[in-house]
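To keep things clear, I will list the structure first and then write my remarks on it.
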Amino acid sequence: MTRPVDAAPTTPVPRPAHTTDCTRAKCIALTFDDGPGPFTSAILDALEKAKARASFFMIGSAITTDPGIVRRMAAAGMGVGNHTWSHPQVTALTPDQVTGEITRQSSAVAAATGHEPFAVRPPYGAFTRSTPHAGLPFVLWDVDTEDWKNLDPTRTTQRALSGAHPGAIVLMHDIHPSTAKALPGIIAALQKQGYTLVTVDELLPGMDPSGSYYSAG
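Residue 37 in the UniProt record's numbering sits at position 37 of the sequence shown, and the numbers go up by one each step.
What follows is the structure in structure tokens.
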């Protein structure tokens, strides 16, 4: 039975403390949009096996079908983010509609984990200066793997690695099998290059709730 989106769990998920200082370490943030889905578990498996962290910007309507995977993310120290309730292009909505999309998704995260999401990623990266933040920073990206378009593990890997740089935020999607297949190799290659894979809020501590961020640069 799906938990109502406005009900918090009895026991909030304990979240591991993040200790990486990205002013000293060579940090990069992998991010995944549009889940949770059938490949999210495999992506979490690869991250946990490598002792790596990432951030997930999830659709609220998908969260309610599998709140357990969201609890697993939080317990593993992953970043749990907001990708609106139904993935609309928010520039086509009224301010009240945008706020409703964000807050409804935040309620679904709170119902699953006992915690609010750390940031919003507007669908398609589309927003304007007047788009409501609903109390959360906007997090975009500066490295686009285009995994949704190429659906090819080799091309996704090439784009992730060629764009990688300290402080980068890398865009992927946890709803494609090709991305799940590519991820172990991407993680291994980045770690071999000396990167520490962190959450966005670890890469960018103290984000302004009204700010918009594309990287740590």
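Here a beta-carbon is modelled for each residue, glycine too, at the ideal position from N, C-alpha and C.
With a 10 Å radius around its C-beta and 16 neighbouring C-beta atoms as the bar for buried, classify residue i as buried or exposed.
| i | result |
| --- | --- |
| GLY206 | exposed |
| THR19 | exposed |
| LEU204 | buried |
| ARG72 | buried |
| TYR195 | buried |
| SER86 | exposed |
| ASP201 | buried |
| ASP174 | buried |
| PRO14 | exposed |
| PRO122 | buried |
| GLY217 | exposed |
| THR179 | buried |
DSSP puts residue i in a beta bridge; with which residues?
| i | result |
| --- | --- |
| TYR213 | VAL139 |
| ILE28 | LEU197 |
| LEU171 | THR31, ASP144 |
| PHE57 | ASP33, GLY81 |
| VAL120 | ASN82, PHE138 |
What is the rounded straight-line gap between the Cα of residue i and the Cα of residue j?
| i | j | result |
| --- | --- | --- |
| PRO88 | SER130 | 16 Å |
| SER41 | ASP66 | 11 Å |
| VAL143 | ALA168 | 7 Å |
| ILE28 | LEU161 | 11 Å |
| ALA182 | THR157 | 6 Å |
| LYS51 | ALA126 | 32 Å |
| ASP147 | ILE43 | 14 Å |
| ALA25 | ASP34 | 29 Å |
| TRP141 | THR199 | 13 Å |
| PRO12 | HIS115 | 7 Å |
| VAL5 | ASP208 | A caution first: VAL5 carries a pLDDT of 44, below 50, which makes its placement in the model too unreliable to give a value. |
| MET1 | GLY68 | Unreliable placement is indicated for MET1, whose pLDDT of 31 sits below 50; the coordinate value is still reported in the next sentence. Cα to Cα, the separation comes out at about 12 Å. |
| ALA111 | GLY211 | 26 Å |
| ALA124 | THR91 | As written in the sequence, residue 124 is Tyr, which differs from the Ala given in the question. Between TYR124 and THR91, the C-alpha separation is close to 10 Å. |
| ALA75 | ARG53 | 11 Å |
| VAL120 | PRO16 | 21 Å |
| LEU190 | ARG155 | 16 Å |
| HIS165 | VAL139 | 17 Å |
| GLY163 | PRO36 | 25 Å |
Assuming residue i and residue j are in contact, meaning their beta carbons sit under 8 Å apart, how far apart are those beta carbons, in whole angstroms?
| i | j | result |
| --- | --- | --- |
| PRO95 | PRO38 | That belief does not hold up - the Cβ atoms of PRO95 and PRO38 are roughly 34 Å apart, past 8 Å. |
| ALA62 | PRO184 | Not confirmed; about 24 Å, so no contact. |
| THR84 | ILE59 | 7 Å |
| GLY81 | PHE56 | 6 Å |
| PRO117 | LEU93 | The Cβ separation is near 19 Å, so there is no contact. |
| ILE187 | LEU171 | With 8 Å as the limit, ILE187 and LEU171 do not qualify as a contact, their Cβ atoms being about 16 Å apart. |
Three or more C-beta pairs closer than 8 Å, one from the stretch 140-155 and one from the stretch 101-112: is that the case here? no
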